[in-house]
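Asks: Just so you know, we're using UniProt numbering here: the sequence shown kicks off at 1 and counts up by one.
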Amino acid sequence: MCTKVTLMNPEDNSKRLEIVVFLDNGSSHAYITTDIATQLELRKVESEDITVHTFGTCDPTTIPSQLHTLQLQLEDNTPYTISAQSLPILTQALKTPAIAQDEITITAQDVDIPTTSSTPGILIGMDHFWNLVLSPSFYSIVLPNEYHLLNTRLGQVISGKKLTTRTINSAINEIADHPMSKTHLDEMVERFWKCESLETGDEVTRSADITCLDFFNNTTRYDETEQRYYTRLPFKLEQESVPDNFDHSFTCLRSNWKTVSKKPEYLDKYNDIIQDQLRRGIVGKPPSIQPSEPGTFLSHHAVINESKK
């Protein structure tokens, strides 16, 4: 998976670059190109040679490398610190979506997604892969072309056509010293499976669902004093016209009056309840002037159960 990220010098955040990151679950560590490290003026932590066993060769290749500390800017603009080793080249040019992250949701409804060739400047391995991919706001969408749109801590990322539990398991088992706790990792991977591998029916597949989910993630907050979560309901801002049901409601009122008037004590109880709700501001009296436009009235249906006192 590839996407664009902003890299920063942790000692001077004014030194930053927007480059393509390659999220590779087949690598155990993070790497950065020597050119990017030079442009960001990253301080060298230590020197270390990397031994690479390449396909089709008998002897390994030793490459000199430098260890650097740098920061990635997450989608919420918070910095994420990683350590990466520098190499002259990471990989050849890869195909990446030729659209901005905020346009992916709209373009996701199209069958074809425009791509461009870009050379990654940083490679994220399994030492930080899950911390950057999985989050409480993670979700997955299966696009019409069978690709997957993932909502990660780096923003929205388009991945390949197939994501299987076997791939996830093998990637996790390769790194035993992953910084995320096992309990938390199990919960996040289970969420990942439900969204991706099992293809359950509750996946977010429509633009309206995406809008509601984004609204929920942006408006939900936790009150530490009350120890509870608050969220807003996604009401529609535009007001739609409603039908006039005055005649129907008036008929229901007459029917209720006829029912409860058979026992006058019920009328007194109804009146006490209505007066109490008026005083408490739960209900209010309608305007004395007849409105010019038709209105919608909520009809009350009297339910009296003698067995419940």
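Ideal placement from N, C-alpha and C gives every residue a C-beta, glycine not left out. What you are looking at is a predicted structure, and each value in this text was computed from that prediction instead of being measured.
Is it the case that the stretch 118–131 contacts the stretch 82–100, given that we only count it when at least three CB pairs across the two stretches are under 8 Å?
Replies: With the cut-off at 8 Å, the stretch 82–100 and the stretch 118–131 touch.
Asks: Does the Cβ-Cβ distance between residue 366 and Leu40 come in under 8 Å?
Replies: No answer is possible for residue 366: the residues shown for the chain start at 1 and end at 309.
Asks: Would you kindly report the start and end of the unbroken alpha helix (DSSP H) that includes Glu265?
Replies: Looking at the DSSP string, the run of the alpha helix (DSSP H) that includes Glu265 is 264–279.
Asks: Have a look at Ser65 and Leu123 and give me their C-alpha separation to the nearest angstrom.
Replies: Using only the alpha carbons, I get a separation of about 15 Å.
Asks: On the criterion of 16 or more Cβ atoms from any shown chain inside 10 Å, does Gln71 qualify as buried, or is it exposed?
Replies: Looking at its Cβ environment, which holds 16 or more other Cβ atoms inside 10 Å, Gln71 is buried.
Asks: Between Ala37 and the rest of its own chain, which residues show a CB-CB distance below 6 Å, the 5 nearest in sequence each way excluded?
Replies: His68, Ser86.
Asks: Taking the straight line between their C-alpha atoms, what separation do you get for Glu146 and Ser140?
Replies: Whole-angstrom Cα-Cα distance: 12 Å.
Asks: State the DSSP-derived secondary structure class of Asp59, mapped to helix, strand or coil.
Replies: If DSSP states are grouped into helix, strand and coil, Asp59 belongs with coil.
Asks: Going by DSSP in three states, His148 sits in which element: helix, strand or coil?
Replies: In the structure shown, His148 sits in a strand (DSSP, three-state: E or B).
Asks: Starting from Gln156, follow the beta strand (DSSP E) in both directions and report where the run begins and ends.
Replies: Start and end: 155–159.
Asks: Apply the 10 Å Cβ neighbour rule to Asp49 and answer buried if 16 or more other Cβ atoms are within range, or exposed otherwise.
Replies: By the 10 Å Cβ count, Asp49 comes out exposed.
Asks: Classify Ala30 as helix, strand or coil using the three-state DSSP reduction.
Replies: Three-state result, Ala30: coil.
Asks: Taking Asn131 as part of the beta strand (DSSP E), name the residues at either end of that continuous run.
Replies: Unbroken run through Asn131 is the alpha helix (DSSP H), 129–133; no beta strand (DSSP E).
Asks: Thr211 to Val45, Cα distance in whole Å?
Replies: Taking the straight line from one Cα to the other gives about 44 Å.
Asks: Per DSSP, what kind of secondary structure is Ile36 in: helix, strand or coil?
Replies: In the structure shown, Ile36 sits in a helix (DSSP, three-state: H, G or I).
Asks: Which residues in the same chain have their Cβ closer than 6 Å to the Cβ of Met8, if we skip the five residues on either side of it in sequence?
Replies: The answer, listed in chain order, is Arg16, Gln71.
Asks: Roughly how many angstroms separate the alpha carbons of Cys2 and Cys58, rounded to a whole number?
Replies: Each residue's alpha carbon lies about 32 Å from the other.
Asks: Measuring alpha carbon to alpha carbon, tell me which residue in Asn305, Leu23, Thr259 is nearest Gly160.
Replies: Considering only alpha carbons, the answer is Leu23.
Asks: Is the beta carbon of Tyr266 closer than 8 Å to that of Ile304?
Replies: In contact: Ile304 and Tyr266 (Cβ atoms closer than 8 Å).
Asks: Quick one: Cα of residue 310 to Cα of Leu143, how far?
Replies: Residue 310 is absent from the model: the chain starts at 1 and stops at 309.
Asks: State the DSSP-derived secondary structure class of Phe22, mapped to helix, strand or coil.
Replies: The answer is strand: DSSP assigns Phe22 an E or B state.
Asks: His68 by DSSP, collapsed to three states: which one?
Replies: Three-state DSSP puts His68 in a strand.
Asks: Using a Cβ-Cβ cutoff of less than 7 Å, which residues in the same chain neighbour Asn217 once the five nearest sequence positions on both sides are dropped?
Replies: Same-chain partners within the cutoff: Ser137.
Asks: Can you pull the DSSP bridge partners for Ala84?
Replies: Answer by DSSP bridge pairing, in chain order: His68.
Asks: For my contact list, Ile113 and Thr33 are in at a C-beta cut-off of 8 Å; report their separation, rounded to the angstrom.
Replies: Ile113 to Thr33, Cβ: 26 Å. No contact.
Asks: Touch check for the stretch 149–160 and the stretch 72–79: three-plus C-beta pairs under 8 Å?
Replies: Judged by Cβ distances under 8 Å, the stretch 149–160 makes contact with the stretch 72–79, as three or more pairs qualify.
Asks: Terminal residues of the continuous alpha helix (DSSP H) containing Leu253?
Replies: Unbroken alpha helix (DSSP H) run through Leu253: 246–260.
Asks: Could you check where the beta strand (DSSP E) with Ser47 kicks off and where it finishes?
Replies: Run containing Ser47: 44–52, per the beta strand (DSSP E) assignment.
Asks: Just curious, the beta strand (DSSP E) that Thr3 is in, first and last residue?
Replies: Per DSSP, Thr3 belongs to the beta strand (DSSP E) from 2–9.
Asks: Should Gly284 go down as buried or exposed, given a rule of 16 or more other Cβ atoms within 10 Å for buried?
Replies: Gly284 should be labelled exposed.
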